[in-house]
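Numbered according to this note's numbering, the sequence shown spans residues 1 to 270.
Heads up, the beta-carbon is just placed ideally off N, CA and C, and yes, glycines get one too.
Here the structure is a predicted model, which means the values were calculated and not measured.
Taking it in order: structure first as structure tokens, then the write-up.
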Amino acid sequence: MRYPAVAGSFYPKNIDDLKSEIENSFKSKFGPGYIPALDPKGPRAIKAAVNPHAGYFYSGPVAAHTFAAMAKDGFPETFVILGPNHHALGPLVATTDQDFLMPMGKVEVDTEILDRIGSAVPKSHDAHRLEHSIEVQLPFIQYFCPEAKIVPIVMIDQTYETAINLAEILSDACRGKDVVFLASSDFSHYVPPDVAEAQDRKVIDRILSMNVPEVIDTVQRYKITMCGYGPVMTAMLASGSQSAGLLAYGTSGDACEMKDVVGYASIIMT
């Protein structure tokens, strides 16, 4: 079992407080403005998404846009969640077969997909033990669909070549399965708000045009401090999506006034 690393800091550990925090994210003026109902018969057109992973106080309203769209579209059986490995522990790319114990209960890994992946992506408990980029997505998922399963993958190596290789592995392993590839990433880190948005829009435009090589090229060329461009490229490639749409953009400065901010975006791919 993988136990919470950031409950009580990034989000409340008390169940009632956690549900209230999630609902406030939806009702926020920076969120969708309403709490959606999950449509079990939705069209399931969403194949991938980009979602932030900061504390809910800061990024929750932007994240709520992603989950509102997916609730209306119908949740998948499994979320393949790809995030950066902030602590650089374990292999360069790593999954885990440990279920995640969260304040709202256990989130099970999809063992069928993990069995298909086999040794192509190494399993490492250490890689996931402290990492928040996967964990903070789970309460939003559980709020709507406690039975949804996950395939958690974190990346130290975020090169284009690794994204291509990982996408091929995941595409094969997920064939015939009902999945959404959820790329967990924040955008610019600790820069003035106007700089953050100007920089972030550059890479967001590349995502919206579905130009995968230009995503990493733009990040590197303009020195954009986006932490999860590898997961984003992998999700774009593995999902086979043809188009993308920006649902919301914001920064930590929307929550409270600050000199330097972190950028957040909600993007869906169909």
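THR225 by DSSP, collapsed to three states: which one?
On the sequence shown, residue 225 is found 225 positions in, with the first residue counted as 1. Correct three-state label for THR225: coil.
Compute the distance between the beta-carbons of MET333 and SER185, then report whether it is under 8 Å.
Any answer about residue 333 is impossible in this case: the structure gives the chain only from 1 up to 270.
Which residues DSSP lists as bridging LYS13, in chain order:
In the sequence shown, the residue the question calls residue 13 occupies position 13. Paired residue(s): none; LYS13 is not in a bridge.
Which value, in whole angstroms, describes the spacing of the CA atoms of ILE224 and PRO103?
The residue given as residue 224 occupies position 224 in the sequence shown. The residue given as residue 103 occupies position 103 in the sequence shown. Distance between the alpha carbons of ILE224 and PRO103 is about 34 Å.
Do the CB positions of ILE81 and LEU182 come within less than 8 Å of each other?
Locating residue 81 in the sequence shown gives position 81, where the first residue counts as 1. Locating residue 182 in the sequence shown gives position 182, where the first residue counts as 1. The answer is yes: Cβ separation under 8 Å.
When you compare each of CYS145, PRO192, THR78, LEU130 to VAL109 by their alpha carbons, which one comes out closest?
Taking the sequence shown and counting its residues from 1, the one referred to as residue 109 is at position 109. Of the candidates CYS145, PRO192, THR78, LEU130, the one whose C-alpha sits nearest the C-alpha of VAL109 is THR78.
Quick check on ILE117: does DSSP put it in helix, strand or coil?
Here residue 117 corresponds to residue number 117 of the sequence shown, with the count starting at 1. Of the three classes helix, strand and coil, the one that applies to ILE117 here is helix, per DSSP.
Sequence-distant residues of the same chain with beta carbon closer than 7 Å to VAL215, five excluded per side:
Along the sequence shown, read from residue 1 onward, the residue named residue 215 stands at position 215. Cβ within range, chain order: VAL203, ARG206, ILE207, TYR229, VAL232, MET233.
Would you identify the three-state DSSP class for GLY90, choosing helix, strand or coil?
For the purposes of this step, residue 90 is taken as residue 90 along the sequence shown, with counting starting at 1. If DSSP states are grouped into helix, strand and coil, GLY90 belongs with coil.
Spatial neighbours of LYS72 within its chain, please: C-beta separation below 7 Å, excluding the five flanking residues on both sides.
Stepping through the sequence shown from its first residue, residue 72 is reached at position 72. Counting only Cβ-Cβ distances below 7 Å, and skipping sequence neighbours, we find PRO36, ASP39, GLY42.
Under 8 Å, do THR95 and PRO152 count as touching if we go by C-beta distance?
As a first step, residue 95 must be located in the sequence shown, where it is residue number 95. As a first step, residue 152 must be located in the sequence shown, where it is residue number 152. Yes, Cβ-Cβ distance for THR95 and PRO152 is below 8 Å.
To which residues does DSSP link VAL261 through a beta bridge?
Here residue 261 refers to the residue found at position 261 when the sequence shown is read from its first residue. Paired residues: VAL191.
Using a threshold of 8 Å, state whether the C-beta atoms of SER239 and MET210 are closer than that.
On the sequence shown, position 239 is the one that residue 239 refers to. On the sequence shown, position 210 is the one that residue 210 refers to. Their beta carbons are not under 8 Å apart, which means SER239 does not touch MET210 by this criterion.
Start and end of the beta strand (DSSP E) containing VAL151?
On the sequence shown, position 151 is the one that residue 151 refers to. Residues 149-155.
Here's the rule I'm using: 16 or more other beta-carbon atoms within 10 Å means buried, otherwise exposed. How should ILE15 be labelled?
As a working note, residue 15 is residue 15 in the sequence shown. Exposed is the call here.
Contact between the segment 256-266 and the segment 61-71 is defined here as three or more beta-carbon pairs at a separation below 8 Å; is this criterion met?
yes
CB contact flag (GLY74, ARG44, <8 Å):
Reading the sequence shown from its first residue, position 74 is the one you call residue 74. Reading the sequence shown from its first residue, position 44 is the one you call residue 44. Yes.
Would you mind giving the Cβ-Cβ distance between ALA120 and GLY90, rounded to the nearest angstrom? I have them listed as a contact below 8 Å.
Numbered from 1 along the sequence shown, position 120 holds the residue referred to as residue 120. Numbered from 1 along the sequence shown, position 90 holds the residue referred to as residue 90. Not a contact, Cβ separation roughly 16 Å.
Helix or strand or just coil, what does DSSP make of LEU170?
Mapped onto the sequence shown, residue 170 falls at position 170. In this structure, LEU170 counts as helix in the three-state DSSP scheme.
Under a three-way DSSP split, which group does MET269 fall into?
Taking the first residue of the sequence shown as 1, we reach residue 269 at position 269. MET269: strand per DSSP, three-state reduction.
Check this for me: beta carbons of PHE30 and GLY176, under 8 Å apart or not?
Position 30 of the sequence shown, counting from 1, holds the residue named residue 30. Position 176 of the sequence shown, counting from 1, holds the residue named residue 176. It is not a contact, given that the beta carbons lie outside the stated cut-off.
Report buried or exposed for ASP200, applying the criterion of at least 16 other Cβ atoms within 10 angstroms of its Cβ.
The count along the sequence shown starts at 1 and reaches residue 200 at position 200. Buried, since its Cβ has 16 or more Cβ neighbours within 10 Å.
If VAL179 and PRO76 are in contact, beta carbons under 8 Å, what's the gap, nearest whole angstrom?
Within the sequence shown, the letter at position 179 stands for residue 179. Within the sequence shown, the letter at position 76 stands for residue 76. Their Cβ separation, rounded to whole angstroms, is 5 Å, which keeps VAL179 and PRO76 in contact under 8 Å.
Does THR111 pass the burial test, meaning 16 or more other C-beta atoms within 10 Å, or should it be called exposed?
As a first step, residue 111 must be located in the sequence shown, where it is residue number 111. Exposed, since its Cβ has fewer than 16 Cβ neighbours within 10 Å.
Please report how far the alpha carbon of THR159 lies from the alpha carbon of LEU166, in whole angstroms.
Taking the first residue of the sequence shown as 1, we reach residue 159 at position 159. Taking the first residue of the sequence shown as 1, we reach residue 166 at position 166. For THR159 and LEU166, the distance between alpha carbons rounds to 11 Å.
Per DSSP, what kind of secondary structure is THR159 in: helix, strand or coil?
Sequence index remark: in the sequence shown, residue 159 carries index 159 (1-based). THR159 falls in the coil class under three-state DSSP.
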